[in-house]
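First residue of the sequence shown: 2, per the numbering used here; consecutive thereafter. Glycine included, every Cβ here is placed at the ideal spot set by N, Cα and C. Nothing here was measured: the structure is a model prediction, and the numbers come from that model. Structure first, then comments.
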Amino acid sequence: MQLSSDDWFDILAFHQEAGVDVALDDMPVDRFALSAQEAPRQQEPQPRGGPAVRAAPMATPGLPPAPSRPAASPARAAPLPQPAPHPPEEAELAAREAVQAATSLDELRAIMEAFDGCALKRTASRLVFADGNPLARIMLVGEAPGREEDQQGLPFVGRAGRLLDLMLASIGLDRTSVYIANVVPWRPPGNRTPSPQETTICLPFIRRQIELVNPDILVCLGGQSAQALLSTREGITRLRGRFMDYDTGTRTIRAIATFHPAYLLRTPVGKRLAWQDMLAIEAALPPKVQ
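This is the structure in structure tokens:
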């Protein structure tokens with residue numbers, strides 16, 4: 002069967018979403034065939050009396066014999082020193098205390114760059130802080146960055162990000178009129194779901210980020226984001242489409258959850274419901290002050 006360019010694109014996207022983001026060779030290697038070739042060699046009987054001993058090289062007349070050298074052991078790279086992991090409770094407390102000093106988004110970003118309490122920072126390429134307009138009336142919060150976000154340092158720049166741009170454009174918005182961030186600002190290895198401990202450690206950062214942006218509407222993209230920010234265990238299919246209150250401590254913000262764009266790529270039937278959510282967001286926007 003001959004595959005079209007769209008088929009190859011979908012196959013590549015599938016592997017990227019599964020966390021396969023490094024090519025080790027230009028051509029695939031059949032490890033099963035290699036194992037079958039090695040098996041007969043491993044089963045060859047050894048000569049009686051033990052393994053054969055390699056003869057020493059003959060000395061050249063008139064020259065002293067070459068000194069024997071011990072067999073060289075394979076070189077091993079020295080392991081890089083890693084900071085000791087912080088207990089989750091101490092890391093969360095340190096994050097809560099650190100964000101109190103942030104009076105601006107720039108200060109918050111510097112604090113997050115210096116924070117070492119989350120193990121994800123040691124496997125990610127960089128911090129994925131935010132994108133968009135800090136003065137926007139709508140703030141969207143996803144779960145965690147993926148491969149392309151980790152490479153560029155911006156949230157939602159892959160296939161899911163392009164779909165998010167289309168969703169925003171459907172109600173007359175773009176990245177200059179919204180602010181986008183994630184609950185967890187470092188990419189989990191292999192694009193896996195952040196653990197509850199990792200999410201808990203990072204929660205003070207996103208909560209402070211929401212306080213500093215102070216939007217009129219908070220949009221949770223996906224169930225993980227909604228459960229973390231809205232303190233609920235309900236699934237996204239029950240959470241989506243209805244407004245709830247998000248308390249910043251100084252103000253109550255209207256919050257709504259909708260499907261994550263990555264879910265919509267895998268389940269296109271959900272786009273109809275996501276479209277309804279976008280219309281609800283558009284209708285809830287307060288009129289602009291002239």
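Using 10 angstroms around the beta-carbon of residue i, count the other beta-carbons present and answer buried if the total reaches 16, otherwise exposed.
i      : result
Val129 : buried
Leu240 : buried
Glu93  : buried
Pro84  : Caution is warranted here: a pLDDT of 49 is assigned to Pro84, below 50, making its placement in the model unreliable, and no coordinate value can be reported.
Asp132 : buried
Arg209 : buried
Leu4   : exposed
Leu169 : buried
Gly162 : buried
Thr259 : buried
Asp151 : buried
Gly224 : buried
How long is the line joining the alpha carbons of residue i and residue j, rounded to whole angstroms?
i      : j      : result
Ala79  : Thr124 : Note that Ala79 scores a pLDDT of 48, beneath 50, so its modelled location is shaky; the value from the coordinates is reported in the next line. Roughly 18 Å separates the two Cα atoms.
Val54  : Ala34  : A caution first: Val54 carries a pLDDT of 48, below 50, which makes its placement in the model unreliable, though a value can still be read off. Rounded to whole angstroms, Val54 to Ala34 spans 31 Å at the Cα level.
Thr177 : Val158 : 15 Å
Asn183 : Gln38  : 49 Å
Leu222 : Asp278 : 11 Å
Leu109 : Ala229 : 20 Å
Ser74  : Asp31  : Interpretation of Ser74 is limited by its pLDDT of 47, a score under 50 that renders its predicted location unreliable; the figure taken from the coordinates is listed afterwards. The straight-line gap from Cα to Cα measures roughly 29 Å.
Leu155 : Trp187 : 11 Å
Val185 : Ala145 : 5 Å
Ala205 : Ala120 : First, the amino acid is wrong: residue 205 is Pro here, not Ala. Cα-Cα distance, rounded: 16 Å.
Glu149 : Asp246 : 32 Å
Pro71  : Ser126 : Summary for Pro71: the model assigns pLDDT 49, below 50, so the residue's position carries little reliability; its value from the coordinates is reported in the next sentence. Distance between the alpha carbons of Pro71 and Ser126: 41 Å.
Ile254 : Pro190 : 33 Å
Arg234 : Thr200 : 14 Å
Asn134 : Thr194 : 27 Å
Ile207 : Leu167 : 25 Å
Thr268 : Ala275 : 11 Å
Ala102 : Ala285 : 33 Å
Arg273 : Leu266 : 13 Å
Once you ignore the five residues that flank residue i on each side, which residues in its own chain have a CB closer than 7 Å to its CB?
i      : result
Gln198 : Pro89
Ala137 : Ser178, Val179, Tyr180, Pro216
Thr249 : Ile211, Glu212
Arg97  : Pro205
Ser226 : Val142, Gly143, Glu144, Val184
For a test of the three-state rule: what should DSSP assign to residue i, helix, strand or coil?
i      : result
Leu231 : helix
Ala120 : helix
Phe157 : coil
Arg176 : coil
Ala273 : Correcting the residue type first, residue 273 is Arg in the shown sequence and not Ala. Three-state DSSP puts Arg273 in a helix.
Ala182 : strand
Leu167 : helix
Asp132 : strand
Leu4   : coil
Gly191 : helix
Gly147 : coil
Leu286 : coil
So, at 8 Å on beta carbons, what are the nonlocal neighbours of residue i in its own chain, with the 5 sequence-adjacent residues on each side left out?
i      : result
Ala281 : Gly242, Phe244, Ile257
Beta carbon of residue i: closer than 7 Å to some heavy atom of the ligand FMN?
i      : result
Gln225 : Among the components modelled here there is no ligand, and therefore nothing to report on the ligand FMN.
Sorted by chain position, which residues of the same chain lie with C-beta nearer than 6 Å to residue i's C-beta, five sequence neighbours on each side aside?
i      : result
Ala95  : Gly118
Leu165 : Phe157, Pro262
Q) Which parts of the region 193-272 are runs of the alpha helix (DSSP H), unbroken and 4 residues or longer, counting only runs that do not cross its ends? A) Counting whole runs of 4 or more residues, the region 193-272 contains the alpha helix (DSSP H) stretches 197-214, 224-231, 237-240, 262-267.
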